[in-house]
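Single-structure report; data block below.
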Amino acid sequence: MTRSPYPERLDHHDFVDVFGSVYEHSKWVAEAIYPSTTPGIDVVSMAEQMRSVVETASRELKLDLLRAHPDLAGRLSLAELTDSSRAEQTSAGLDQCTPDELREFQELNAAYTDRFGFPFIFAVKGFHRTDILEAFRVRVTHPPEEEFKTAIEQVHRIAKLRLETIANEN
189 MTRSPYPERL DHHDFVDVFG SVYEHSKWVA EAIYPSTTPG IDVVSMAEQM RSVVETASRE
249 LKLDLLRAHP DLAGRLSLAE LTDSSRAEQT SAGLDQCTPD ELREFQELNA AYTDRFGFPF
309 IFAVKGFHRT DILEAFRVRV THPPEEEFKT AIEQVHRIAK LRLETIANEN
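Heads up, the sequence shown is in the working numbering, so the first residue is 189 and it goes up one at a time.
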């Protein structure tokens, strides 16, 4: 069990400040679990609680959550990303795309967003940009409902990885 080294009880503002970015630009997820988290902040339990908040949210709120994510190697420069997104994309080498890879990412980003109404989301940690590009080529062909579910699962994976990073950094 991974425990955060934060004090046993954070006030609401500090809690949201620390955990509000776990789900990209969606502080409502962290706000929904405060103050139900127990002293010591168990990362596994927190990930499950946050997942439950998202899973029980309306489709519209889930869609807003998906739309809060940036394109991979896309329209935003790495300087414009959240700290977490920048670190994640850099770790996968998305800041080192060849011109052909960058062009394909941009074309796939446009096709994917046109088809599904939200950006392609992939928990990039541990993957190389070529692996991500291959997954992108496959997922852009998925039926819309299947891809919505896949994107939400990827968001949960990103959130869990971010919680683990927070716990390990402090």
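Backbone N, C-alpha and C define an ideal beta-carbon position, used for all residues, glycine too. Quick caveat, the model's predicted, so the values are computed rather than measured.
Cβ-based neighbour list, residue i, same chain, cut-off 8 Å, excluding 5 preceding and 5 following
| i | result |
| --- | --- |
| V210 | V217, A218, M238, A347, R350, L351 and I354 |
| A299 | V328 |
| A245 | L253 |
Contact set for residue i: own chain, Cβ-Cβ below 6 Å, skip 5 residues either direction
| i | result |
| --- | --- |
| Q342 | I309, F310 and A311 |
| R345 | A311 |
| A220 | V241 |
| H200 | Y222 |
| E212 | A256 and H257 |
Beta-carbon proximity of residue i to residue j, cut-off 8 Å
| i | j | result |
| --- | --- | --- |
| G281 | H257 | no |
| P331 | F304 | no |
| P307 | N297 | yes |
| L253 | S214 | yes |
Residue i versus the options, residue with shortest Cα-Cα distance
| i | options | result |
| --- | --- | --- |
| A339 | D259, D230 and I221 | D259 |
| L364 | Y222, K215 and E212 | The displayed coordinates of the chain run from 189 to 358. Any statement about residue 364 would go beyond what the structure contains. |
| I320 | L290, K337, T301 and D302 | L290 |
| Q294 | F324, G208 and K313 | F324 |
| R247 | K337, S233 and N356 | K337 |
| E292 | E322, V204 and K313 | E322 |
8 Å Cβ cutoff, residue i in contact with chain B
| i | result |
| --- | --- |
| P223 | As a matter of chain content, chain B is missing from the structure shown, which is built from one protein chain. |
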